[in-house]
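Read in order, the letters of the sequence shown correspond to residues 931 to 1177 in my numbering.
Every residue, glycine too, gets a C-beta built ideally from N, C-alpha and C.
Contents: one structure, followed by commentary.
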Amino acid sequence: MHNLGQTRSSHQRNHLLLTPDTFVRTTLPGMTKCAGVVHAGPAMGAAFTQYTAEFETGGELGSTSAQRFLYVLEGAICLELQADRNNLGRGGYAYIPESTPHRVSAKTSSRITVIEKPYRALSSVRPPQPIVSTEDSVAPHPLNDDPDLQVRSLLPDEMSFDFAVNTMVYQPGAALSQVEMHVMEHGLLMLEGGGIYRLGDSWYPVSAGDFIWMAPWCPQWFGAIGKVPAKYLIYKDWNRHPLRFAQ
Ligand code: UGY
Ligand code: MN
931 MHNLGQTRSS HQRNHLLLTP DTFVRTTLPG MTKCAGVVHA GPAMGAAFTQ
981 YTAEFETGGE LGSTSAQRFL YVLEGAICLE LQADRNNLGR GGYAYIPEST
1031 PHRVSAKTSS RITVIEKPYR ALSSVRPPQP IVSTEDSVAP HPLNDDPDLQ
1081 VRSLLPDEMS FDFAVNTMVY QPGAALSQVE MHVMEHGLLM LEGGGIYRLG
1131 DSWYPVSAGD FIWMAPWCPQ WFGAIGKVPA KYLIYKDWNR HPLRFAQ
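See below:
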């Protein structure tokens, strides 16, 4: 079915909205019984890549030498890491440091989101260790004292990490308290509900399944609309000096 060239997807200088009707599947090196939808990467100016991997039962992800974060959207996967076999279901996640051998396979038909980024080491700080956990085990905290906007930080707030991944849950009607403009870039996957996202000088209706990339300093604001909470998973680079080669 076609829709006469209409879509909510939009690619602008400082942001990208990708809606599921425009997703194109591809196979990345090493994937078996698995397809990838690449949402963000260096080809458009991002310093990280994010893709959704869609597995058939028994499917596998390829390897990477970059640090990798994965979050299970649907189904169940097995992560083999440092002699452990970790079973992760919906809401399970893992952080795998750079150059750490591991294997990701699907126990059933599954979807996960994957973030990969070359690590920016600091001479004064040891690189992070692997993390395997579940979102449920992370305590939420309100953003700017707003009890209707709860954030879960999936990675520890430590200098060794050069990026953060959080989930944010907005009760219906809740909104960011300011238009944010900051040096960090974002990769954002809408997980539940919807609302209006301001990106640059445009306001977009967004809902579960949509992906957004925000370049550094892209003006951004979100308000949740509807009768159910809106939830998204959001990546940002941080804890590093803005001069690329400075410590
Ligand atoms: O962490 C953040 O910068 C977050 N508050 N941004 C966003 O939700 N667009
Ligand atoms: Mn932000």
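Have a look at Pro-1070, Thr-962, Thr-952 and flag the residue whose alpha-carbon is nearest the alpha-carbon of Gln-1080.
By one-based count along the sequence shown, residue 1080 stands at place 150. Closest option to Gln-1080, Cα to Cα, is Pro-1070.
Taking the alpha-carbon positions, what's the Val-954 to Val-967 distance?
For this step, residue 954 is matched to residue 24 along the sequence shown. For this step, residue 967 is matched to residue 37 along the sequence shown. Rounded to whole angstroms, Val-954 to Val-967 spans 6 Å at the Cα level.
Taking Cβ to Cβ, would you say Tyr-1162 is nearer than 8 Å to Leu-1119?
Translated into the one-based positions of the sequence shown, residue 1162 becomes position 232. Translated into the one-based positions of the sequence shown, residue 1119 becomes position 189. Result yes, Cβ atoms of Tyr-1162 and Leu-1119 sit closer than 8 Å.
Could you name the residues whose beta carbon sits closer than 7 Å to any heavy atom belonging to the ligand UGY, keeping them in chain order?
This selection yields Leu-1073, Asn-1096, Met-1098, Leu-1106, Glu-1110, His-1112, Met-1114, His-1116, Leu-1118, Met-1144, Gln-1150, Phe-1152, Ile-1164, Lys-1166.
Close beta carbons around Ile-1142, own chain, < 6 Å, minus the five adjacent residues each side:
If you number the sequence shown from 1, residue 1142 lands on position 212. Here Ile-1142 has Leu-947, Leu-1118 as same chain residues with Cβ atoms under 6 Å from its own Cβ, once five neighbours each way along the sequence are excluded.
Leaving out five residues on either side along the sequence, give the residues of the same chain with a beta carbon under 6 Å from the beta carbon of Asn-944.
Taking the sequence shown and counting its residues from 1, one reaches residue 944 at position 14. Taken in chain order, the residues that qualify are Gly-1130, Ala-1145, Cys-1148.
Write down the C-beta distance between Ala-996 and Glu-1046 rounded to the nearest angstrom, noting that I regard them as a contact closer than 8 Å.
Sequence index remark: in the sequence shown, residue 996 carries index 66 (1-based). Sequence index remark: in the sequence shown, residue 1046 carries index 116 (1-based). Taking the Cβ atoms as the reference, Ala-996 lies roughly 4 Å from Glu-1046, within the contact range of under 8 Å.
In the DSSP assignment, find the unbroken beta strand (DSSP E) run with Glu-967 in it and report its ends.
Counting from one through the sequence shown, the residue named residue 967 turns up at place 37. The sequence shown places Val at residue 967, rather than the Glu named in the question. Where Val-967 is concerned, the enclosing beta strand (DSSP E) starts and stops at 962 to 970.
3-residue-minimum beta strand (DSSP E) runs that sit fully inside the segment 1021 to 1096, ordered along the chain:
Fully enclosed beta strand (DSSP E) runs of 3 or longer: 1022 to 1026, 1032 to 1036, 1040 to 1047, 1061 to 1064, 1071 to 1073, 1076 to 1083.
On the three-state DSSP scale, how would you describe Thr-979?
The residue you call residue 979 lines up with position 49 of the sequence shown. Thr-979 falls in the strand class under three-state DSSP.
Could you check whether the segment 1035 to 1046 touches the segment 976 to 987, counting it as contact only if at least three pairs of C-beta atoms, one from each stretch, sit closer than 8 Å?
Judged by Cβ distances under 8 Å, the segment 1035 to 1046 makes contact with the segment 976 to 987, as three or more pairs qualify.
Would you kindly work out how many angstroms separate the C-alpha atoms of Asp-1140 and Thr-949, rounded to a whole number?
Within the sequence shown, residue 1140 is the residue found at index 210, counting from 1. Within the sequence shown, residue 949 is the residue found at index 19, counting from 1. Taking the straight line from one Cα to the other gives about 5 Å.
Out of curiosity, what's the CA-to-CA distance linking Ala-1110 and Tyr-1127?
Residue 1110 sits at position 180 when you count from the first residue of the sequence shown. Residue 1127 sits at position 197 when you count from the first residue of the sequence shown. Note on identity: in this sequence residue 1110 is Glu, with Ala being the wrong assignment. Roughly 12 Å between the two C-alpha positions.
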